[in-house]
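Residue numbers (our numbering), protein chains in the order written: chain A, 10 to 335; chain B, 10 to 335; chain C, 143 to 502; chain D, 143 to 502. Backbone N, C-alpha and C fix where the C-beta goes; we use that ideal spot for every residue, glycine too. Reading through the structure tokens given below for one structure.
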Amino acid sequence: MAKMTMVQAINLALHEEMERDDSVIVMGEDVGVDEGVFRVTAGLHEAFGSARVLDTPLAESGILGTAIGMALAGLRPVAEMQFSGFSYLMFPQLEGHGSRFRSRTQGRMTVPLVVRMPYGGGVRALEHHSESREASYAHLPGVKVVIPSGPRNARALMAAAVRDPDPVVFMEPKRSYRVFREEVPEEPEIGQIGRARIAREGSDLTLVSWGAMMRPVLHAAEEVTSSRGASIEVIDLLTISPLDGSAIARSVSKTGRCVVVQEAPRSLGVASEVIAQINDRALMHLEAPVNRITGYDVVTPYFGREMGYIPGPGRIRRGIEETLDF
Amino acid sequence: MAKMTMVQAINLALHEEMERDDSVIVMGEDVGVDEGVFRVTAGLHEAFGSARVLDTPLAESGILGTAIGMALAGLRPVAEMQFSGFSYLMFPQLEGHGSRFRSRTQGRMTVPLVVRMPYGGGVRALEHHSESREASYAHLPGVKVVIPSGPRNARALMAAAVRDPDPVVFMEPKRSYRVFREEVPEEPEIGQIGRARIAREGSDLTLVSWGAMMRPVLHAAEEVTSSRGASIEVIDLLTISPLDGSAIARSVSKTGRCVVVQEAPRSLGVASEVIAQINDRALMHLEAPVNRITGYDVVTPYFGREMGYIPGPGRIRRGIEETLDF
Amino acid sequence: MPLTEIGRYSLRRLEILDENGEVDPALEPDLSAEDLVKLYRAMLLAREDDQRMFKMQRQGRVGTFGPNTGQEAAVCGPALALSPRDWLVGSFRELGARLMRGEPLTHSYLFHNGYEEGNVFDGMERTLPISIIVGAQTLHAVGIAYAMKYRTEKDAAVLAFIGDGGTSQGDFHEALNFASVWQVPVVFVVQNNGWAISLPRSRQAHCATLAQRAIAYDIPGVQVDGNDALATYSAAREALDRARSGGGPSLIEAVTYRLMMHTTADDPRKYRTEEEVEQWWKRDPIPRFRRYLESKSIWDDAKQAALEAGIKEEIDEAVKKFESMDGFKPDAPFDHVFGTRHESIEEQRAAFLANLEGEA
Amino acid sequence: MPLTEIGRYSLRRLEILDENGEVDPALEPDLSAEDLVKLYRAMLLAREDDQRMFKMQRQGRVGTFGPNTGQEAAVCGPALALSPRDWLVGSFRELGARLMRGEPLTHSYLFHNGYEEGNVFDGMERTLPISIIVGAQTLHAVGIAYAMKYRTEKDAAVLAFIGDGGTSQGDFHEALNFASVWQVPVVFVVQNNGWAISLPRSRQAHCATLAQRAIAYDIPGVQVDGNDALATYSAAREALDRARSGGGPSLIEAVTYRLMMHTTADDPRKYRTEEEVEQWWKRDPIPRFRRYLESKSIWDDAKQAALEAGIKEEIDEAVKKFESMDGFKPDAPFDHVFGTRHESIEEQRAAFLANLEGEA
Ligand SMILES: Cc1ncc(C[n+]2csc(CCOP(=O)(O)OP(=O)(O)O)c2C)c(N)n1
Ligand SMILES: Cc1ncc(C[n+]2csc(CCOP(=O)(O)OP(=O)(O)O)c2C)c(N)n1
Ligand SMILES: [Mg+2]
Ligand SMILES: [Mg+2]
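See the structure below:
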């Protein structure tokens, strides 16, 4: 066991997967010699050489389009988008092809690849470097969307993503890259894509979130528990698509109250789908409206203003209290 | 007054707006001499010439990127995407720039443009020609998304979109292009972006939909009314973003029951947001879960199978009945 | 402005078999009679199948499709240069090449009647299905070529087709750039058929040729008479050989013409003249190839009659077979959304099937 | 393969002022002493401001930014050729050009400290803000140029900057193609500074020059010594004049070098040698321009000292002004999401403000 940051944990998974299977290759802008702008690919170029750890030209559609070709020909590319804000350039390749080859050929041609991308705000970065747009990918049939929340699950889910037979969009909450460490086991762990995790058990209220929001969410849950003794269950979605609706429903059926916390703009975010799932599966158990605490439907502000626009522990705590008091 | 199809009505609005304002120009693939593959731009090239009705090279990012430049320089381009399935190629330009110049410059530079695109299934077309992916656009702050449902509102909303100070994604339900005619007044009408329409008043259940689904929805509402005398209110959203949440809430507060019908895949569609809005604003009035009748989370099948995957009147009728009986 | 010259480039055009079937002996490729007949048969089959599908489309027996009539040499010549270990990455107007790769006739009927089953056949492993998003497939071709290089697969390459309209897409540029930076074995054939729906080639791009795009990437580029099957074969053969032996990518512009409509939903009279089309009928690739075969005494009227009869029979049978097909599993899309099982998908499948029953 | 030649192209490179400040009199542009000093001052101001921002960044007083040190000639030379009626469409490494267009020094501090206010200044009408998505801005430039042509605006053009890395993006290809098809007044300047973060130019593209991309679109293209402000000015001047008089688009590759890090978050020692950087410091555009001015007796040490002092004072004042700025309206994003009022946005603004109170 070793204490690791999320960056180190993802890096570990990439090392392990590349060692295990020589069809795994890593590609993207500055992932080789430079080891990635966040150093997520540290040591890979040295260990596996430039044919397997591939510095590409600066073209995101080119990166994903060629990765799709590689996957069709039997490789398992792990392609990096330097920031999720640039990833829309490859959206057409993913929507039009990566997600479709399996259904188009009724399973005869498949596209096992991973698209990694740091996403989300809170790191005082320039425009286009702090969006949280997981919903755009999660609405695509044929694509899985995974968002780890900590070093250990990041490592396990990256291993699962690399081994998965389908295209996986792996969104890394960059704000959580280095702010905390966690024990990560020696032995490889393989996560399960499609399953949410109960991060904390409780009986009075269900708090649902994912990615970088898990830290303030858990913090707020602690606070409310100690301030008023409420028992709060926290669900960490981990996979955004396909969503683990029954895990959410089980919890809400038990607690009767729910708060969903989302960094992204309010409308049509994952929180809306969580609410829709509760509606479908557990509405009659609700004792209060689901409280969605989200970003706002404004263009992501430059970083001078961003913190007011990302849900913080205070806002989450007040949201929990309102819902408990409803 | 004249009876017109939706194609004719949109064409009328384009003629009127181009006559009114010489900063309005129409551009896209085959919109000129060919008059558009659906003939939506019929007569424009002849009337306004090739500098205002511009056949562009085959490049969607190029079309929207240059349209943004034109808008920055004072024109009001109406750009066509030949089918919404090709529009993702311009998503990065819209997400990264079209939607942001206003906020980026605090209102000093703006992008008044319209992106028209036929969308949706039911016309036995090839792959990529029948998706319904309005949610991808509606999740973008700074972009308005309008979806007409009939000739008259299409004409009025197109006029509004052309005059709007912001980028408007104007999604045209191609299945409704020619299947019915409606009276369209002589005088120009200007629709109101951001407002839903009560298409039918009622008190027992609220049926929410938009675009091509409005026809089977209204049909099902009639059927259920005549078969069991239920009074069904039908809301036609017309604008998907910003969504008219209070209109939905008002109706559901009155009826206590709601069915939302969406052609798009289930997860993270506009129906989820409608449910989330009801949750936020009218949950305690609900006497049954909101019933969402949607496409499925599968890759849009080729047209041989598509009809089973698009909600039809039977499925909608059964959905209404279930919700009434809940 | 007087300056130093730092680069000098030249561009060439290849023509071997002229409109009258006269061959330039210095350029004539060394093809066996068997291969020549194979090529001729492929072109004729593509033409006849097009015509049959056109009739079927007008009768409502298949859906919209894009005929390849007139472009058979641009399509079949390069395909003849393929080995089974090469990959074919097409766009949507390469019927002849697909048939040469072993795709059954039934499959384009199926595809154009809205069934994914049309993409699935034995031996499809290295033939990608039709790609409708213009330009996108060229990047797949480069990725496949990269995998070949990575696996040090020798003596194999990728042949990718795109249209003149497709050259305007950013993906095409990115494909050429990645291919040249990586020096991978891929050959791009631009079927310049003069039109992208209603947009003439001259307004699609300002350059005199599309072949000169190769100069921007320092890769070999050539323009060929795309209605001359010997030229398209030879140029592709040379480029594929170079690619297979580590010489990297190439670009071929095949200048041809779409003699029919863009797709059966299109009316070309809106945007082009009858005269232009007439001119190009005179350059039809098939009769000139027949004359060439005749001049080599490989062909005669009897063989032609037999071939035509054979093709007709083959198409008749395929149509019959296609029209007797049924049992398309209604919930197949649920089987193929993912390669893993997920509760939410299975729940939705159950709802779908229940609804089917409700409709019944 | 013997073939007919159908095209022949030549590419040239322009150098006027060499590394030692020696000018080629035959090529020397006819610039007034005033303009020459203006250009020199602009380059020096950009350099000094960069250095100040770098210090401020290290002290946590501004956020991440990308220094333009070393590229002042590539940026300021073309900007000198602009009239106020021309548009400037930059990427993110053209500080010198922005300052020449009237952007206050304070504004790059504001921008790089996370405030949209940094994009807003009097006279900004024809200067687009920094564009971070690599390549995208070139299409905006073409659209603006189209609007000029449509409005028959005479004597104005658009100058668009992009990096060597940016040339790989599909949007750049689409921009060149649209511009050439439309023949609109736009000049593209590729600042080829040798690197795109850690990727050297040689692995960004396989072509010997980026200027030869022009051949693919049949537009004028030229490579210039990008550290030679006379050459960058002259090439841009010629291209802008051509554009303004209806001659269509041009492409200029300015070969320069990024002497500092990609951004303050980058460590270039990971991917390039000190020697390479040393070599390029010898080609620094600023000292050579100073020597040129001196050789023309326009400049001397006293003027240099005065200029340096003036620039220092100007920057000091700007920093002071910037650091005293406050009152950034917290809910400004709600003001500028749309140009029309919407209930849902106002509801969210109210919630935002209520939450701010909750936090207080
Ligand atoms: C990205 C994209 N945009 C638009 C279309 C619609 N479309 C289909 S084919 C076509 C023209 C293609 O022209 P070209 O590349 O020359 O091929 P051709 O049809 O002539 O074979 C267009 C505009 C599409 N399929 N994909
Ligand atoms: C579409 C996109 N992809 C990636 C990035 C991240 N990024 C910022 S600058 C840069 C390198 C740019 O290189 P170049 O175009 O040569 O400009 P330079 O930085 O050298 O001035 C990269 C990869 C981005 N901003 N936009
Ligand atoms: Mg064509
Ligand atoms: Mg660079």
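Taking a contact to mean a Cβ-Cβ separation below 8 Å, would you say residue i touches residue j in this structure?
{"i": "A/V177", "j": "A/A168", "result": "no"}
{"i": "D/T405", "j": "D/F196", "result": "no"}
{"i": "D/V326", "j": "D/A287", "result": "yes"}
{"i": "C/L156", "j": "D/L145", "result": "yes"}
{"i": "D/F234", "j": "D/S273", "result": "yes"}
{"i": "B/E192", "j": "B/R172", "result": "no"}
{"i": "A/T303", "j": "A/P320", "result": "yes"}
{"i": "A/E210", "j": "A/E232", "result": "no"}
{"i": "B/T264", "j": "B/D213", "result": "yes"}
{"i": "B/Q286", "j": "D/A474", "result": "no"}
Measuring alpha carbon to alpha carbon, tell me which of the options ends up nearest residue i.
{"i": "D/K454", "options": "D/L247, D/K438, D/V179 and D/A474", "result": "D/L247"}
{"i": "A/T248", "options": "A/A258, A/E136, A/R266 and A/G200", "result": "A/G200"}
{"i": "D/T351", "options": "D/L230, D/S322, D/N255 and D/L393", "result": "D/L393"}
{"i": "C/E485", "options": "A/S112, A/G254 and A/A297", "result": "A/G254"}
{"i": "A/L23", "options": "A/G94, A/Y186, A/A76 and A/A165", "result": "A/A165"}
{"i": "C/L169", "options": "C/G307, C/A371 and C/D177", "result": "C/A371"}
{"i": "A/M180", "options": "A/S236, A/S250, A/E26 and A/P320", "result": "A/S250"}
{"i": "A/R204", "options": "A/R190, A/L227, A/Y186 and A/I257", "result": "A/I257"}
{"i": "B/D43", "options": "C/A373, C/P410, C/M185 and C/H254", "result": "C/P410"}
{"i": "B/S145", "options": "B/L103, B/G74 and B/E136", "result": "B/L103"}
{"i": "A/L63", "options": "D/A321, D/L341 and D/G388", "result": "D/L341"}
{"i": "D/S250", "options": "D/R433, D/A188 and D/Y413", "result": "D/A188"}
Does the CB of residue i have a neighbour CB from chain A at under 8 Å?
{"i": "B/E104", "result": "yes"}
{"i": "C/M143", "result": "Caution is warranted here: a pLDDT of 48 is assigned to C/M143, below 50, making its placement in the model unreliable, and the coordinate value is therefore given only provisionally. Output row for C/M143: interface = no."}
{"i": "C/T146", "result": "no"}
{"i": "D/G307", "result": "yes"}
{"i": "B/S240", "result": "no"}
So, does the CB of residue i fall closer than 8 Å to a CB anywhere in chain D?
{"i": "B/M90", "result": "no"}
{"i": "B/R314", "result": "no"}
{"i": "A/R275", "result": "yes"}
Closer than 7 Å to a non-hydrogen atom of ligand 6 - does that hold for the CB of residue i?
{"i": "A/D306", "result": "Among the ligands present in this structure, namely ligand 1, ligand 2, ligand 3 and ligand 4, ligand 6 is not found."}
Does any residue of chain B bring its CB to less than 8 Å from the CB of residue i?
{"i": "D/S387", "result": "no"}
{"i": "D/L281", "result": "yes"}
{"i": "C/I487", "result": "yes"}
For the beta strand (DSSP E) that contains residue i, what are its first and last residues?
{"i": "D/W582", "result": "Given a span of 143 to 502 for chain D in the structure shown, any question on residue 582 of chain D remains unanswerable."}
{"i": "A/M13", "result": "A11 to M13"}
If you follow the alpha helix (DSSP H) that residue i is in, where does it begin and where does it stop?
{"i": "B/G328", "result": "P322 to D334"}
{"i": "D/L159", "result": "Neither: D/L159 is in no alpha helix (DSSP H) and is coded neither H nor E."}
{"i": "C/M185", "result": "A175 to R200"}
{"i": "C/N497", "result": "E485 to E501"}
Measure from the C-beta of residue i to each C-beta in chain C and report whether the shortest distance is under 8 Å.
{"i": "A/M79", "result": "yes"}
Quick one: list the residues of chain G neighbouring residue i, beta-carbon separation under 7 Å, in chain order.
{"i": "A/G151", "result": "Absent from the structure: chain G. Protein chains present are A, B, C and D."}
Pairs of beta-carbons, one from the segment 151-160 of chain A and one from the segment 13-20 of chain A, closer than 8 Å: are there three or more?
Yes: at least three Cβ pairs fall under 8 Å.
Using 8 Å as the cut-off, can you tell me whether the segment 52-59 of chain B makes contact with the segment 104-122 of chain B, which would need three or more C-beta pairs spanning the two stretches below that distance?
Judged by Cβ distances under 8 Å, the segment 52-59 of chain B makes no contact with the segment 104-122 of chain B, as fewer than three pairs qualify.
Does the segment 311-322 of chain C come close enough to the segment 355-368 of chain C to have 3 or more Cβ pairs within less than 8 Å?
Judged by Cβ distances under 8 Å, the segment 311-322 of chain C makes contact with the segment 355-368 of chain C, as three or more pairs qualify.
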